[in-house]
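Note sheet for the following structure.
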Amino acid sequence: MEIEQVAAQLFTLRDFVKTPEDIAKSLEKVAAIGYKAVQASALGPIEPEELKKIARDNGLTICATHESGDLIRQEPEKVVEKLAELDCKYTAYPYPAGVDFTCTESVSSLIADLEKATSVLKAAGQVLTYHNHHHEFQKLNGEIILDKIYNECSIDGEIDTYWIQYGGGDSTAWCNKLKGRLPLIHLKDYKITAEPAIDMAEIGNGVLDFKSIIPAAEAAGCQWFIVEQDSCPGDPFDSLKQSFDYIKANLVE
1 MEIEQVAAQL FTLRDFVKTP EDIAKSLEKV AAIGYKAVQA SALGPIEPEE
51 LKKIARDNGL TICATHESGD LIRQEPEKVV EKLAELDCKY TAYPYPAGVD
101 FTCTESVSSL IADLEKATSV LKAAGQVLTY HNHHHEFQKL NGEIILDKIY
151 NECSIDGEID TYWIQYGGGD STAWCNKLKG RLPLIHLKDY KITAEPAIDM
201 AEIGNGVLDF KSIIPAAEAA GCQWFIVEQD SCPGDPFDSL KQSFDYIKAN
251 LVE
């Protein structure tokens, strides 16, 4: 992994990217930290051309996006158009809203829609990935649902290291499992506290073994290593900087 492949997930900064003016200020701060790429997500209203210009003016690549799950499932052609406007190859199905993971028909419908969307994007030279949380580690008819999704659909992966751990999985093993199908990975550390809680941490401040995860992701063909922190103890820009500095000092080639 090279430092240029490390990106910031803008969902981390969702309270600071609500207007075009906010987005411009925030991307300037992200670039000042040292990031060379961002994943566009949770942004307020902004035209793709304006977003692309703001990113370019700050020396940032829009390496990927998260798009509406409903849009991906129902109108993938519109996703193709947006990615083309952003000069962006990758996007992710972000969250299984409305999917009943206890219902075979609901899961099968999701998989069918994702397979269709995957084909539509592939025909345009684009790549759809699946962003997991912990929900997908439920079992349906004896099978882990995340396994079922990847076994029955040709969608690529955007594994999230925190949620893999929270769901009882192992990120290194999942990188190995998705070899050739893992262009994106969310780097998010897992903090252990006295009380059970969803407690995320800056990279290096938790318990995940990124010195094992990163090489496995590289071997799987990962192109972008995306830092995300859904909740931060203070200023999210500070959290993004702590993670970037740790990665630069300890994990890059």
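Position 82 of the sequence shown, counted from 1, bears residue number 82 in full-length UniProt numbering, the numbering being contiguous throughout.
Glycine residues also receive a C-beta, built at the ideal position from the N, C-alpha and C atoms.
Exercise for the section: Quick one: residues in its chain with C-beta nearer than 8 Å to the C-beta of THR104, no 5 flanking neighbours on either side, listed in chain order? Expected result: The count along the sequence shown starts at 1 and reaches residue 104 at position 104. Residues of the same chain with a CB within less than 8 Å of the CB of THR104, apart from the 5 flanking positions on each side, are LEU140, ASN141 in chain order.
Problem - Rounded C-alpha distance that separates GLN126 from GLU115 - result: Indexing the sequence shown from 1 puts residue 126 at position 126. Indexing the sequence shown from 1 puts residue 115 at position 115. Taking the Cα positions, GLN126 is about 14 Å away from GLU115.
Problem - Where PRO236 falls, given that 16 or more other Cβ within 10 Å makes a residue buried - result: Working through the sequence shown from its first residue, we reach residue 236 at position 236. Of the other Cβ atoms in all chains shown, 16 or more fall within 10 Å of the Cβ of PRO236; this residue is therefore buried.
Practice task
Quick one: grab the DSSP three-state call for ILE3.
Solution key: Taking the first residue of the sequence shown as position 1, residue 3 is located at position 3. Residue state, collapsed to three classes: helix.
Handout entry: Option in TYR162, PHE101, THR172, GLY98 with minimal Cα separation from LYS211
Key = Taking the sequence shown and counting its residues from 1, one reaches residue 211 at position 211. For LYS211, the closest alpha carbon among the candidates TYR162, PHE101, THR172, GLY98 is that of THR172.
Practice task
Take the Cβ of THR193 as the centre, count every other Cβ of all protein chains shown within 10 Å, and call the residue buried at 16 or more, exposed below.
Solution key: As a first step, residue 193 is located in the sequence shown; it is residue number 193 there, counting from the start. With fewer than 16 other Cβ atoms inside 10 Å of its own Cβ, THR193 counts as exposed.
Handout entry: Whole-angstrom distance between VAL99 and SER154, CA atom to CA atom
Key = Taking the sequence shown and counting its residues from 1, the one referred to as residue 154 is at position 154. Taking the sequence shown and counting its residues from 1, the one referred to as residue 99 is at position 99. Rounded to the nearest angstrom, the gap between the Cα atoms of SER154 and VAL99 is 19 Å.
Problem - Alpha-carbon spacing of HIS66 relative to GLU195, whole angstroms - result: For this step, residue 66 is matched to residue 66 along the sequence shown. For this step, residue 195 is matched to residue 195 along the sequence shown. C-alpha of HIS66 to C-alpha of GLU195: approximately 31 Å in a straight line.
Exercise for the section: State the start and end residues of the unbroken alpha helix (DSSP H) segment that holds VAL38. Expected result: Taking the sequence shown and counting its residues from 1, one reaches residue 38 at position 38. No alpha helix (DSSP H) contains VAL38, which is instead part of the beta strand (DSSP E) from 37-40.
Problem - Any 3 or more C-beta pairs closer than 8 Å across the segment 130-149 and the segment 105-114 - result: The answer is yes - the segment 105-114 touches the segment 130-149, with three or more Cβ pairs under 8 Å.
Practice task
Could you round the C-beta distance between ASN58 and ALA31 to whole angstroms and report it? I think they count as a contact, below 8 Å.
Solution key: Locating residue 58 in the sequence shown gives position 58, where the first residue counts as 1. Locating residue 31 in the sequence shown gives position 31, where the first residue counts as 1. Yes, they are in contact, since the Cβ atoms of ASN58 and ALA31 sit about 4 Å apart, within 8 Å.
Practice task
Could you name each continuous beta strand (DSSP E) segment of 3 residues or more that falls completely within the segment 88-175, going from the start of the chain to the end?
Solution key: Segments of the beta strand (DSSP E) lying fully in the segment 88-175: 90-93, 127-131, 156-160.
Problem - LEU187 beta carbon less than 8 Å from that of ASP156 - result: Working through the sequence shown from its first residue, we reach residue 156 at position 156. Working through the sequence shown from its first residue, we reach residue 187 at position 187. No; because the gap between Cβ atoms is not below 8 Å, this pair is not in contact.
Practice task
Go through its chain and collect everything with a Cβ distance to ALA216's Cβ below 7 Å, but skip five positions before and after it.
Solution key: On the sequence shown, residue 216 is found 216 positions in, with the first residue counted as 1. For ALA216, where only same-chain residues beyond five positions count, the Cβ hits under 7 Å are THR172, CYS175, ASN176.
Handout entry: When LEU13, ILE159, ILE54 are compared against THR91, the one with the closest alpha-carbon
Key = Working through the sequence shown from its first residue, we reach residue 91 at position 91. Nearest option by C-alpha distance: ILE159.
Exercise for the section: Within 10 angstroms of the Cβ of GLY234, are there 16 or more other Cβ atoms? Answer buried if so, exposed if not. Expected result: If you number the sequence shown from 1, residue 234 lands on position 234. Exposed, since its Cβ has fewer than 16 Cβ neighbours within 10 Å.
Practice task
Please report how far the alpha carbon of PRO20 lies from the alpha carbon of ILE214, in whole angstroms.
Solution key: Walking along the sequence shown from the start, residue 20 turns up at place 20. Walking along the sequence shown from the start, residue 214 turns up at place 214. When the Cα atoms are used, PRO20 and ILE214 turn out to be separated by approximately 34 Å.
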